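Visitor: Heads up: the sequence shown runs through residues 1 to 250, numbered per the working numbering. For every residue, glycine included, the Cβ atom is placed at its ideal position computed from N, Cα and C. Note that the structure is a prediction, hence the values are computed from the model and not measured.
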Amino acid sequence: MIRQKIVAGNWKMNGSAESIKNLVDGLLKADQSNSEMVVFPSFPYLHLFSTLCGNSDLIKLAAQNVSEKESGAFTGEVSAAMLQDFDVKYVLVGHSERRSIYGETDSIVALKVQSLLKKNFTPMLCIGETLEERESGQTLSICEKQIQAVLDLVGIEAFNNIVIAYEPVWAIGTGLSATPEQAQEVHCGIRSFIAKSSESIAQRVQILYGGSVKASTSHALFAMPDIDGALVGGASLDAEEFLEIVKAAG
Ligand code: PEP
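1) Distance, Cα to Cα, G250 vs N34?
2) Would you mind working out which of M124, E185, L151, K118 sits nearest R134, comparing C-alpha positions?
3) Give every residue of the same chain whose Cβ lies closer than 8 Å to the Cβ of K89, excluding the five residues on either side of it in the sequence, and list them in chain order.
4) Could you give the residue range of the alpha helix (DSSP H) that holds N22?
5) Just confirm the distance between the C-beta atoms of V154 and L125, as a whole number of angstroms; I'd bet it's less than 8 Å.
6) To which residues of the same chain is H219 closer than 8 Å at the C-beta, ignoring the five residues directly before and after it?
7) Give the straight-line distance between the Cα atoms of L116 and A110, rounded to the nearest whole angstrom.
8) According to DSSP, is K145 helix, strand or coil?
9) Could you pull out every residue in the same chain whose Cβ sits closer than 7 Å to the Cβ of F74, ignoring the five residues on either side in sequence?
10) Just tell me which of Q84, D31, V93, L52 has its CA closest to the CA of K12.
11) Compute the beta-carbon to beta-carbon distance between T130 and W170, rounded to the nearest angstrom, for a pair I have assumed lies under 8 Å.
12) Evaluate T174 with the Cβ neighbour count: other Cβ atoms within 10 Å of its Cβ, from every protein chain shown; 16 or more gives buried, anything less gives exposed.
13) Would you check if the distance between the CB atom of N161 and the CB atom of R204 is smaller than 8 Å?
14) Would you mind listing the beta strand (DSSP E) stretches within the segment 106-169 that are 3+ residues and don't spill past its ends, in chain order?
15) Could you spell out where the beta strand (DSSP E) holding E240 opens and where it closes?
16) With a threshold of 6 Å on Cβ separation, who are the neighbours of K112 within its own chain once the five nearest residues in sequence on each side are excluded?
17) So, for S50: in the same chain, excluding its five sequence neighbours on each side, which residues have a beta-carbon less than 8 Å away from its beta-carbon?
18) What first and last residue would you give for the alpha helix (DSSP H) that runs through F193?
19) Is there at least one non-hydrogen atom of the ligand PEP closer than 7 Å to the beta-carbon of S198?
20) Can you tell me the Cα-Cα spacing of L27 and E241, whole angstroms?
21) Leaving aside the five residues before and after I156 along the sequence, list all residues of the same chain whose C-beta is less than 8 Å from its C-beta, in chain order.
22) Grouping DSSP H, G and I as helix and E and B as strand, with all else coil, what is M37?
23) Report the rounded CA-to-CA distance for S42 versus S177, giving the unit in angstroms.
24) Have a look at I245 and Y45 and give me their C-alpha separation to the nearest angstrom.
25) Which ranges does the beta strand (DSSP E) cover as unbroken runs of at least 3 residues, wholly within the segment 60-85, from first to last along the chain?
26) Quick check on the DSSP output: the beta strand (DSSP E) that includes A230 runs from which residue to which?
27) Quick one: grab the DSSP three-state call for I172.
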């Protein structure tokens, strides 16, 4: 099964109108490729980002978060319906920073996935273990538990429209990437877990690796059979570096 690779840049809470103009200018210099380039700017810059991209479909726009609620008195939150006013394709859910800093539980993450699917977005579901969990041999069971919560709420068919990002927490922003072999082992385990519910969906679902990916480490990661691209934080703030990663994805 050939799965299209995705290289996604999570800009987190970084940038200004000025720096984003420069970054988008740089990214629009990309050659056409077979992989999909995705960028997650912060909410205030979604409109600017679309405007800067104009008619180009080189970069897919994505959002870093969504509320699990539909509308109402939830100060500071952004609903899936609001995101429909932008040309957003993907939305991050379950990023470890949301789980650990903002207390998002597996059940909140599942509700967010559900609200996105109702509005035809593709959730990018982040999962992954802490260092302590890895060292106590729980890597796969943690990933399975995080996926199971979503499966229980939306069912296996929904995974036709969900992208999974395996991001070991100990590798995010630390410079300590998982080795290609370590990542492949977990990706293969995740795919086998999905296959218990549907073999065909398991073959189709795109599983990205995230955690200190750089241009220099991306080739070896992308050579692994179950790694379908990358979710990139720090290195996505440098257009040249990010484009090198997109190029490595082919
Ligand atoms: C991330 O935040 O999703 C991430 C992978 O960050 P970094 O590439 O900086 O580790």
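Guide: With the structure as the only source:
1) CA-CA distance, G250 to N34, rounds to 6 Å.
2) Considering only M124, E185, L151, K118, the residue with the shortest C-alpha distance to R134 is E185.
3) So the qualifying residues of the chain are V38, K60, L61, A62, F121, T122.
4) In this chain, the alpha helix (DSSP H) harbouring N22 covers 17-27.
5) Cβ atoms of V154 and L125 stay farther apart than 8 Å, at about 10 Å.
6) A distance below 8 Å between beta-carbons, with the five flanking residues on each side excluded, links H219 to the following residues of its chain, in chain order: A248.
7) Each residue's alpha carbon lies about 10 Å from the other.
8) For K145, the three-state secondary structure derived from DSSP is helix.
9) S67, listed in sequence order.
10) If we check each option's Cα against that of K12, V93 comes out closest.
11) So it is a contact: roughly 6 Å between Cβ atoms.
12) Around the beta carbon of T174, fewer than 16 other beta carbons sit within 10 angstroms, so the residue counts as exposed.
13) Against a cut-off of 8 Å, the Cβ pair of R204 and N161 comes out as no contact.
14) With a minimum length of 3 residues, the continuous beta strand (DSSP E) runs that stay inside the segment 106-169 are 122-127, 163-166.
15) Looking at the DSSP string, E240 is not in any beta strand (DSSP E); the run it does join, the alpha helix (DSSP H), is 239-248.
16) Result list for K112: V66, E68, V93, in chain order.
17) So the list reads L61, F86, D87, once near-sequence residues are dropped.
18) First-last of the alpha helix (DSSP H) with F193: 180-195.
19) No - the ligand PEP has no heavy atom lying nearer than 7 Å to the Cβ of S198.
20) Taking the straight line joining both Cα atoms gives about 10 Å.
21) These residues qualify, in order along the chain: I194, S197, S198, I201.
22) In this structure, M37 counts as strand in the three-state DSSP scheme.
23) Rounded to whole angstroms, the gap between the alpha carbons of S42 and S177 is 24 Å.
24) Their backbone Cα atoms lie some 23 Å apart in a straight line.
25) Entirely contained in the segment 60-85, not one beta strand (DSSP E) run reaches 3 residues.
26) Where A230 is concerned, the enclosing beta strand (DSSP E) stretches over 229-232.
27) If DSSP states are grouped into helix, strand and coil, I172 belongs with coil.
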